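First up is the structure itself, then whatever we jot down about it.
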Ligand code: FNR
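In our numbering, the protein residues as written are 310 to 490.
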């Protein structure tokens with residue numbers, strides 16, 4: 310299975326990027342995870358949506374050809390970061406490459422609630438008509454106090470979180486296989 314990860318933080322030392330990289334490495338025998346670079350994606354602009362910059366076309370094609378999308382998001386001011394909403398806007402228009410594409414969500418924050426509000430909002434957004442992505446039910450991954458949970462090498466040191474991720478990954482694969490029989 311080919312999965313693309315879209316990370317809602319473009320900073321180099323992003324914990325959400327570390328989480329995506331950890332998933333990529335730990336579950337490499339279960340699926341191929343490519344983390345997409347959204348740093349260069351320009352602001353969505355309806356004037357150019359039919360003839361967007363090459364970087365947007367490439368991004369949309371990677372999503373289009375993937376079997377599923379993993380969203381890994383921080384929470385900014387109680388909601389989804391603008392960089393993530395921006396790429397969702399691109400994905401929701403013209404060829405609408407997300408429609409029918411299975412999704413699942415994770416998020417990490419330094420606060421204790423671990424992106425609860427951002428994920429609630431993201432779930433709503435992913436059900437909008439231009440995206441309409443079937444979403445893994447339940448299995449909500451909120452990694453709170455994330456700054457205490459990674460070591461220097463990018464490994465998750467919190468055993469409870471690792472075990473929960475194992476469960477969620479298995480549930481995602483079962484759900485994907487059942488939904489796409
Ligand atoms: C934050 N942060 C934050 N955390 C949280 O739990 N709820 C929130 O509403 C916010 N709001 C917020 C706004 C802005 C503009 C910033 C820069 C940060 C803190 C956030 O969890 C922390 O910076 C994470 O490290 C961001 O994720 P990455 O970049 O490490 O992936």
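Even for Gly, the Cβ is constructed at its ideal location relative to N, Cα and C. A quick note: this is a predicted structure, and the numbers were derived from the prediction, not measured.
Asked, Found
"Spatial distance of residue 284 from residue 429 (CA atoms)", "The structure shown does not extend to residue 284, since the chain is modelled only from 310 to 490, so the question has no answer here."
"Contact belief for residue 317 with residue 382 at Cβ below 8 Å, rounded distance in angstroms", "4 Å"
"For residue 415, the three-state DSSP class (helix, strand or coil)", "strand"
"Residues bridged to residue 315 (per DSSP)", "345, 380"
"Extent of the continuous beta strand (DSSP E) to which residue 336 belongs", "No beta strand (DSSP E) holds residue 336; DSSP gives it neither H nor E."
"Backbone CA spacing between residue 385 and residue 425 [nearest angstrom]", "11 Å"
"Near the ligand FNR: residue 391 beta-carbon under 7 Å from a heavy atom", "no"
"Residue 325 versus residue 333: straight-line alpha-carbon distance, rounded", "12 Å"
"Proximity winner among 475, 369, 348, relative to residue 358 (alpha-carbon distances)", "369"
"Rounded straight-line distance, which links the Cα of residue 379 to that of residue 312", "7 Å"
"Straight-line gap, residue 438 to residue 475 (C-alpha atoms, nearest Å)", "31 Å"
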